[in-house]
């Protein structure tokens, strides 16, 4: 099958196809940057670290409040012990029953203080552990944040470079397409959509560059003799014979 189409239009069609192929590759590359995928992973890791650090910070704050409360209770208890011991040893209390009750009160306060002291020591250990966990998470979070910033700069640089290349190829493609007859351009676009992005192929010696089918020598001679618009019998792409 052949149609009369100016050879220069066919050459421009091949040029447009080359630009379309380059554009498709650049778009694929932009969508599949390894650095961008890594950035997504690092940002997800950073989000997780931030959440873990928030939980650890809340736990540390709760432990600090418990420590403050225990220290306050011990301070009040110490003051009460001191006050009751002064009464006990001042000689102001002579009634044996009252004196015994006072001694029992002091002993009870001291037992309570010992319990508070044990609780405080346990809380201080918990506080140190919680603070160590929080510090580790914050350190890792800061490092991960820096890594994310570096990756973001890299991704931005790569995408900017790709966008510049895309713009150049798109401009060139528009220039080539502008001199292609509309019916031929519409056929090409239809085929390109149906054939995986390749609507026009060049006959390279005896092979269709679109489907890589090798043509018989007599068929190649016929195509070269006829020129004009041809279609590959195998893949049905526009076959440009130069």
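Residue numbers (this note's numbering): 840 to 1081.
Even glycine gets a Cβ: it sits at the ideal position worked out from N, Cα and C.
Source: prediction; values computed, not measured.
Over what stretch of residues does the alpha helix (DSSP H) that includes residue i continue unbroken?
{"i": "residue 1080", "result": "Here residue 1080 belongs to no alpha helix (DSSP H), and DSSP marks it neither H nor E."}
{"i": "residue 1102", "result": "Missing from the structure shown is residue 1102; the chain here goes from 840 to 1081 and no further."}
{"i": "residue 894", "result": "873-928"}
{"i": "residue 1059", "result": "1056-1065"}
{"i": "residue 1020", "result": "Residue 1020 -> no alpha helix (DSSP H), and no H or E assigned at all."}
Quick one: give me the first and last residue of the beta strand (DSSP E) that residue i is part of.
{"i": "residue 1044", "result": "Premise fails: residue 1044 is in no beta strand (DSSP E) and is neither H nor E."}
{"i": "residue 1068", "result": "1068-1070"}
Give me the Cα-Cα distance between residue i and residue j, rounded to the nearest whole angstrom.
{"i": "residue 1086", "j": "residue 1028", "result": "The shown model of the chain, from 840 to 1081, leaves out residue 1086, and the question about it has no answer."}
{"i": "residue 935", "j": "residue 919", "result": "21 Å"}
{"i": "residue 982", "j": "residue 1011", "result": "44 Å"}
{"i": "residue 899", "j": "residue 960", "result": "15 Å"}
{"i": "residue 854", "j": "residue 1040", "result": "10 Å"}
{"i": "residue 797", "j": "residue 988", "result": "A query on residue 797 cannot be resolved here, the shown segment of the chain reaching from 840 to 1081 and no further."}
{"i": "residue 915", "j": "residue 892", "result": "34 Å"}
{"i": "residue 1046", "j": "residue 871", "result": "32 Å"}
{"i": "residue 1077", "j": "residue 864", "result": "21 Å"}
{"i": "residue 937", "j": "residue 925", "result": "14 Å"}
Under the rule that 16 or more other beta-carbon atoms within 10 Å means buried, what is residue i, buried or exposed?
{"i": "residue 840", "result": "Residue confidence is low: residue 840 scores 43 on pLDDT, short of 50, so the model does not pin down where it sits. Its coordinate-derived value is still stated next. Counting Cβ neighbours within 10 Å, residue 840 comes out exposed, since fewer than 16 surround it."}
{"i": "residue 1049", "result": "buried"}
{"i": "residue 1069", "result": "buried"}
{"i": "residue 859", "result": "buried"}
{"i": "residue 962", "result": "buried"}
{"i": "residue 1079", "result": "buried"}
Going by DSSP, which residues form a beta bridge with residue i?
{"i": "residue 810", "result": "This structure gives no information on residue 810, because the portion of the chain shown stretches from 840 to 1081."}
{"i": "residue 936", "result": "None, per the DSSP bridge assignment."}
Ignoring anything shorter than 3 residues or poking outside the region 988-1018, list the beta strand (DSSP E) runs there in chain order. none
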